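Working notes, beginning with the structure itself.
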Amino acid sequence: MTTMQYFWRHPLAQEVREQGREEGREEGRVEALAETTLRILELRGIPVAAAVRERVESCTDLDRLTAWSERAVLAGSADDLFIGPNG
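FYI, in full-length UniProt numbering the residues of the sequence shown are 1 to 87.
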């Protein structure tokens with residue numbers, strides 16, 4: 001077995017690959033939740049300003065995005081997403 005083949009089978013390499021996969025899954029969840037939050041507002045006919053869109057799309061905090069998506073269901077305006085905890 002060559003050194004390179006051995007490296008990829010090493011437990012540390014496997015751990016690093018798994019960590020990368022998990023980070024990718026997390027990024028996917030964040031991206032999907034941001035898209036969902038904006039889509040809820042759009043489907044409800046609520047205008048979304050560029051600044052709000054940028055703030056939602058640039059957020060990487062899953063808990064904050066979850067709070068915003070829940071608020072989007074009842075929000076009177078896009079700015080209402082940011083009122084309260086996790087605002």
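Don't be surprised by glycine CBs; every beta carbon is placed ideally from N, CA and C.
Values in this document were obtained by computation on a predicted structure and should not be read as measured data.
- One Cα belongs to His10, the other to Glu22, and the distance between them is close to 19 angstroms.
- Contact check for Leu38 and Val30: beta-carbon distance about 13 angstroms, past the 8 angstroms limit, so the pair fails to qualify.
- Secondary structure at Pro11: helix, using DSSP grouped into helix, strand and coil.
- Contact check for Asp63 against Arg71 fails: the beta carbons are separated by 9 angstroms or more.
- The alpha-carbon of Ala13 is positioned some 21 angstroms away from that of Glu27.
- Collapsing the DSSP output to three states places Asp61 in coil.
- Residue environment analysis places Ser69 among the buried positions, since at least 16 neighbouring C-beta atoms fall within 10 angstroms of its C-beta.
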